[in-house]
Every structure is written in C-alpha cells, then in structure tokens.
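In what follows, a structure is listed as structure tokens, so that the remarks can point back to it.
Number of protein chains: 2
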Amino acid sequence: MNDFMYHNPDKVYFGKAQIQHLPAELRQFGKNVLLVYGGGSIKKNGIYDTVLSCLVKEGFILTELSGVEPNPRHTTVNRGAAICKQADIDVVLAVGGGSTIDCAKGIAAAAETADGNVWPLVEQKIWITKALPVVAVLTNAATGSEMDAWAVISNMDTNEKIGLGGSALIPRAAFENPEYSYSLPIYQTACGSFDIFNHVLDNYYFSQDAAFDMILEFQEAVMRAVVKWAPIAMKEPQNYEARANLMWASSLALNGILDAGMMHDCACHAMEHELSAYYDITHGHGLAILTPRWLTYLLDEETAPAIHRLGTAVFGIEKAIRPMIGAKQTIEAVSDFCFQTLGLTATLSELGITDEHFAEMAKHACGGRSLSGIKTLSSADIEKIYRMCL
Amino acid sequence: MNDFMYHNPDKVYFGKAQIQHLPAELRQFGKNVLLVYGGGSIKKNGIYDTVLSCLVKEGFILTELSGVEPNPRHTTVNRGAAICKQADIDVVLAVGGGSTIDCAKGIAAAAETADGNVWPLVEQKIWITKALPVVAVLTNAATGSEMDAWAVISNMDTNEKIGLGGSALIPRAAFENPEYSYSLPIYQTACGSFDIFNHVLDNYYFSQDAAFDMILEFQEAVMRAVVKWAPIAMKEPQNYEARANLMWASSLALNGILDAGMMHDCACHAMEHELSAYYDITHGHGLAILTPRWLTYLLDEETAPAIHRLGTAVFGIEKAIRPMIGAKQTIEAVSDFCFQTLGLTATLSELGITDEHFAEMAKHACGGRSLSGIKTLSSADIEKIYRMCL
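Note that the protein sequences, when read in sequence, are chains A and B.
One gets the working numbering by counting positions in the first sequence from 1 and adding 7 to each.
One gets the working numbering by counting positions in the second sequence from 1 and adding 7 to each.
Here it is as structure tokens:
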C-alpha cells in the first residue's frame, strides 16, 4: 500500500428529506448567495422552486447565473466571478449536474483572484487553496464533482478542456436527493453512468498487487453497482434504489476512498477531454466509445490477468479459463454494456468526428509526454486508439 | 437505501513518511499540547522519541498524561481535563491505540465543561459538539477511534463502560504509520483484528436488501482483508502490507463509509462492553468469545441466508447449498477464525468469568430495553448468549 493522505471534509446530505438543511449550511458563510445552474431543466422539474422556497423565506439574497454549458466555458466562469466581486457573494450554490458544479468551483476560485479570470489558474495548473465556499445540490449522478477537489473547464477558443484542482474546491456540503435525477433523459442517465464506471476503471488496473485487494474490491463493488443499476434507472427513471445507488456511486468513485494507497490514473478521461474540447460531445458518451478500444489496445499477455479479473468481478466472466480468453470476453462485455445495455452509439464517426485533429489531440491528451496506467501511452499510442474509435 | 448524512473531516496521513506533517497539523490550534499515552510501550519502541523530536524543535510546549488504561477510566480522563484547564492546553495529542485516543477524546470534551468531569456527559449521553481538538498518532489497528466520532469510557466504581459520541470528537488529523504497530504483541494483534472484524459484522446483517449491495460488498471486502492479513501480521509482525491493511481496515470500519444508507448496529459491542466493565478483559477477546454464540443464537430459517452470505463472501463457504447448512458452516468458520487462527481462548470461564452478574449485565447491555440488529435481543436473550459463552 502506498503512502497517502485522505481528507474529504464535504458534508453529504443524502436522501429524500435533506434539503431542509440547506439554509443552515449556507448561513455559516453569509447571506449573499450566487445560485448557479444550467439550461433551465431545474425550472421544469421543480427543483429550482424547492431550493428557492427554502432560501428566500430565510432571508438569503440570491443572485443568479444560469445557462451553464454541458462542458462549462471559462467565459461563463469568468462571468460568475465578476458577479461574485460586484455582489459581494459569500457562497456559491450550484444546482445541477457535474458541469454546473464544476462551473461553480471555477467561479469560487476565480472570484478570489485580482482579475477574476479562471483561465490562468487552469492553464498554469495552480492548486487552489483559497476559494469562496461551494455548496452543491446534485441532480445527476456522473462526474463526482459533488464530492471531489476537481473541476473541468473548457476554453472553446483554444479547444482546451482542462482540470482545475484544489483542496478549496471540495464542496462544503452536497445535497444528494436521488429523486432530483428522476427527470433526467435516458441518454444522460446512460452517459452519467458510464462516467462513474470509467472513473473507477481508469484507476483500477494500476495496482494488481494482493496488498491492495481491499480497495480493488471496493472499486469492483462500485462498478458492479453501476452495471446493475444503470439499466434499471434507464427503464424505470423513478426507481429510487437505482437512482440512489448511481448517485452514491458517483460520489464514492472520486471522494478519495477508492484511491487510498493506490495511484490515481485517468487515461481514458484525458483522451476523452480532447474529444469534448474539439467537438463538445457528451463526456460519458466519449468515454464509452474509447474504453473498449483502450482495453483492446492494452491487451497482451502481461495485462490479460488484470483485464480478466475485471470481467470475473464485474461481468460474471468465468474465472477458470486462460487469462487471454477471459480478457477478450471481458472487453466484449464492456462493449456490450456500452453499446447494447446503455444504448450508446459505438463510433466517433457517428458523432461526426473525423481524424482531422487526432494528432494534435493525442499530443494534448498526454501533455506532450505520456499517460500513465497499466501501460504507459505515448501520443502515438493515443492517436492509434482514436483511430480504432472511428 | 436510507437517508444519511456523511461527514468525516478527519485528515488521515497514512504511511511511512508522514509524521513530518504533525507539527503543521498541531500548530493551527496552538503551541500548548497535552500528550496522552498509555503504559509506556511507546517509550520502548521509539515512537515517543520520534514524536517528541519532531515537536520540541518546533517550539511546542508539551504537557504529558501517561498511564492511560486499556479500558480508559473516567478518573484518568478527568485528570487530563484538569491539566488542560491549568495548562491552557490548545490541542490534545493521543499517541497509542484506541484506548489512548478514547481517553484523549474524553479529555477534550470534559475540558470544555465547567467542572471538567466527563462522567455526566457520558451518563446523560450528551452529543459533544464542542471539544478541544484531538490529533491521533495510531499504534494499534483496532477500535477505529482514529477516524470516528466515539470514545468509550469506563467507570469501574459503577461497572459501567459507555460510549461518548459527538461530531467534535472526530480527530482533526490521524497519523497512521503501519510500522508503529510492528512491536504490538501477538495477542493484541489478534484482539485488535477481531475488534475490526466485529465492527463491520455487527453492522452487516441488518440490510439484506439488494439495494444495499454496494455497501454490503464494501463491508465484505473489509472483513476479508482482516481474515487474510491478521494471521500474517501475527506470524510476521513486521509485514508492512499486513499491518497496513489492518490499520486502514480499522479506520474504514467506523469512518462512516460502511454505514452510509444502512443502520449502524452494535449488538456484540454492547454485550462485550459489559464484560469489560465488570471484568476489565480485552475488548477484542470478549467480542471473539461472544460472536459465534451470538450468531448461533440468531440462527433460524429467516436469518440463515444472511449468515450464509457472510460465509460465502468472507470464508469461502459454498454458495450452492441450503442456507441453513451454509449458515452453520459459516458459524463454524467464524469460530475457527477466533479460536484457531487468532488463537484466542474460547470461553468466558477461561477468563475467570462466572454467571454471577449476567442478569444485571444483560439489562445494562440493552439499556433496559433491547438491542437492534438482524433480530431484536431482549435482556433475557442476552443473558442466554452470555451463558452460551461459559
């Protein structure tokens, strides 16, 4: 087991009857709240009214920033940071999915800088230790942003989608009511579910060492939960247990518990961020297209046992077969999960993506060096994986 | 999945090269440190010197309270609280196992009361929201106190051993260096390991509902880790991976992650606290004697599937057999683990305990009402379980 530091002070209120605690959680920071949300689905499904009704009567002063994009732009973040400065905001309240929470985190960080511009922080990979407090009301099980130290911000001028991290970006409180994800479209449920799955899988292979079994088994339990509950949530959007399992899986995937003593890798995530940055596609869909190809590219005699273990633990693949055969069956099972069960289209071509930018995307993805994981991937490797996805 | 609140702001520094961060963690609270430890083993194994050398050169003013008992007494706690008041202590630093940390927590709570007496807080079950900060340097994988909100304090005048809980009792930081447990005697390693195992098992049965599988599987992973690594740590006390797995299992068992969405029960713990309160025996040993009898007492057609599931997940019992047969094999496996693998004696008689106080102990254990769990236990049930342990 490697040395590690585990610290996650986020206070999670999980379940149906928790929003009543929101005023008390916000009040400790002040009365001036910046309410951040996306395209307005929270107005249709009533969550906006629920949040407002419990805040306005408590005397909070709300300023709104709406229209956060699915891959939140640095320009939107900067707009929010300017509001924070003008309106003397005490706390940033995100109501939405991962993009909205990421945007709120970017705002919280930028608001504490002199010029209120988030992009230099992102570009220079500044670890954020000072930010306005962020509180999240989650409506989509996917990114884990409700409980992690990261935000992903996109700059569409330069085709860049980059992570911004820092201890100060962990939300001070997260409200996770599975019912708030009932109205999520099937496609978003599928994409969010695969995002969770891949957060764990990206991390899973690095430590094929019995000393890490306990944590590997946690990871397998979370992936099994996604494989089990995602199709149920897609068929029965109001199945509470399905939504609850996916929502808590989302938080567990990135709250640090599954990393303790391991390396945290993110090869697929790094490759996918380029797809979203260039083509603004839905993150989880990009991941689903990449993942089976990534596994296929990694597969050799050395990696087969690890891939086979995933199959036996998560997809019910037989144990007592040759690892290479087991690994191939596992990759088949991952493909089936992505393209049959979750119903996502299987190629980049179907999303209108060509090989035009693959070379530069591959270089970006690995920061000009390489991506770590069960195997180190150079930009040449990454370009080949992109081509396998066409 | 039930509604829950998850909040654990403890900052865990895990591994070999972490003690260097101790001064910074303490400094934020002040310079006056109360150093709490037990019978002096930390002086023999060098941990005392390590801690001192990294604090004294940083200008901390240390006051010591040593001689904390294995089941810490309220009188010792009160002695510590008096020192805190006299010496204007800023932070209580526990260096030791669970008893030492529990004592430090009691001190931290009592120091904030007018009369510095912990017992009224314990007796009246006051939830502690105000206490001096506690920092823990852990030397024994067992109680989980390094990462939970609880302390167990004993009053030997009244034969009471009772939990004191509160959000303010969660350590602000915990230093977990598996090497610090290398010199632990085999018997303590065995008892500590079973304490961890039972923390999870006490909680395991309540929710035999597929909606909780993810968390049940986490629980099974922790129990498997204990079953795997405890005998290795006993045979090879300096096996880092064994000590590391046990230490992190200790923290995971009670840091809230394994409870999320479940009920937290503690039937065996409640029954055992009476044994320790009356006879001052080692907690983990008492638990080991109780657990197989508790399972035997619970076993019927209704509970058999849950007990059988434990066996298949943790002890390799066959799945495709009748639940009642599987459950019996499971209880046999738990017995073997306690009395063969861990080498603990199997009866209360061997510890010099008779049935003299069983009736009153049973009443105390359930607070005059009953103990919850997979089956509700009355004081009459508990007395029968005690008798099975003779």
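In this text, a Cβ means the ideal position worked out from N, Cα and C, and glycines have one as well.
Of the listed residues the options, nearest to residue i (C-alpha basis)
i      : options                        : result
A/E130 : A/A158, A/G104, A/A313         : A/A158
B/C373 : B/L282, B/S386, B/C91, B/T361  : B/S386
A/G380 : A/F219, A/E279, A/D209         : A/D209
A/L306 : A/W255, A/K382, A/I54          : A/K382
B/R300 : B/A175, B/A334, B/P312         : B/A334
A/A181 : A/C396, A/M8, A/E32            : A/E32
B/Q245 : B/L355, B/M163, B/M368, B/S190 : B/S190
A/T82  : A/E65, A/A313, A/P127          : A/P127
B/Y13  : A/K50, A/E153, A/V43, A/S106   : A/E153
B/A277 : B/P330, B/N262, B/G293, B/I264 : B/G293
B/D164 : B/Y44, B/D287, B/L253, B/V43   : B/D287
B/Y55  : B/P79, B/N78, B/G66, B/I26     : B/I26
A/E390 : A/M221, A/H28, A/A274          : A/A274
B/A251 : A/M241, A/N262, A/F219         : A/F219
B/F204 : B/V234, B/M221, B/E119, B/L265 : B/V234
B/L42  : B/K51, B/N52, B/V63, B/A24     : B/V63
B/R80  : B/D155, B/L265, B/G170, B/E65  : B/G170
Proximity below 8 Å, CB of residue i to CB of residue j
i      : j      : result
A/V141 : A/V99  : yes
B/A89  : B/T70  : no
A/A138 : A/V125 : no
B/Y20  : B/N166 : no
A/A353 : A/F346 : yes
B/N184 : B/G22  : yes
A/I68  : A/V102 : no
A/A237 : A/T196 : yes
B/L282 : B/I392 : no
B/G173 : B/D97  : no
B/S200 : B/L349 : yes
B/V207 : B/A260 : yes
B/E212 : B/Q226 : The amino acid at residue 212 of chain B is misidentified as Glu; the sequence shows Tyr. Not in contact: B/Y212 and B/Q226 (Cβ atoms no closer than 8 Å).
A/V144 : A/V84  : no
A/D109 : A/I160 : yes
A/L384 : A/I296 : no
A/I239 : A/A249 : yes
B/C396 : B/H290 : no
A/N15  : A/I177 : yes
Per-residue burial, residue i [other beta carbons within 10 Å of its own, 16 or more giving buried]
i      : result
A/K168 : buried
A/W134 : exposed
A/K112 : buried
A/A149 : buried
A/G323 : exposed
A/S60  : exposed
A/D388 : buried
A/K18  : buried
B/M270 : exposed
B/E420 : A query on residue 420 of chain B cannot be resolved here, the shown segment of chain B reaching from 8 to 397 and no further.
B/G104 : buried
A/G87  : buried
A/I193 : exposed
A/S258 : buried
B/R316 : buried
B/D216 : exposed
B/Q35  : exposed
B/A115 : buried
A/G47  : exposed
In DSSP terms, what residue i is bridged to
i      : result
B/I169 : B/I160
B/E15  : The question names Glu, but residue 15 of chain B is Asn in the sequence shown. The partner list for B/N15 (beta bridge, DSSP) reads A/N15.
A/V144 : A/V102, A/F182
B/V40  : B/L69, B/V98
B/S377 : B/S385
A/F21  : A/E183, B/F11
B/R80  : B/S161
Residues from the stretch 12-46 of chain A in contact with chain B, defined by Cβ distance under 9 Å: Taking 9 Å as the Cβ-Cβ cut-off, the stretch 12-46 of chain A approaches chain B at M12, Y13, H14, N15, P16, D17, K18, V19, Y20, F21, G22, K23, A24, Q25, H28, given in chain order.
Return the residues of the stretch 158-188 of chain B that lie within a Cβ-Cβ distance of less than 7 Å from chain A, sorted by chain order. If the cut-off is 7 Å between Cβ atoms, the stretch 158-188 of chain B has nothing near chain A.
Name, going along the chain, the residues of the stretch 247-261 of chain B whose beta-carbon falls closer than 7 Å to a beta-carbon of chain A. Per Cβ criterion, the list reads E248, A251, N252, W255, A256.
Any residues in the stretch 200-219 of chain A with a beta carbon nearer than 7 Å to a beta carbon of chain B? Which ones, in chain order? Those would be A218, in chain order.
Check each residue of the stretch 229-245 of chain B: if its Cβ is closer than 8 Å to any Cβ of chain E, include it; give the result in chain order. Going by chain labels, chain E is absent from the structure shown, which instead holds the protein chains A and B.
Using a Cβ-Cβ cut-off of less than 7 Å, list which residues of the stretch 344-358 of chain B approach chain A; keep chain order. Against chain A - using a Cβ distance shorter than 7 Å - the stretch 344-358 of chain B contributes no residues.
If you measure beta-carbon to beta-carbon, which residues of the stretch 263-276 of chain A are closer than 8 Å to chain B? The stretch 263-276 of chain A vs chain B, Cβ under 8 Å: I264, A267, G268.
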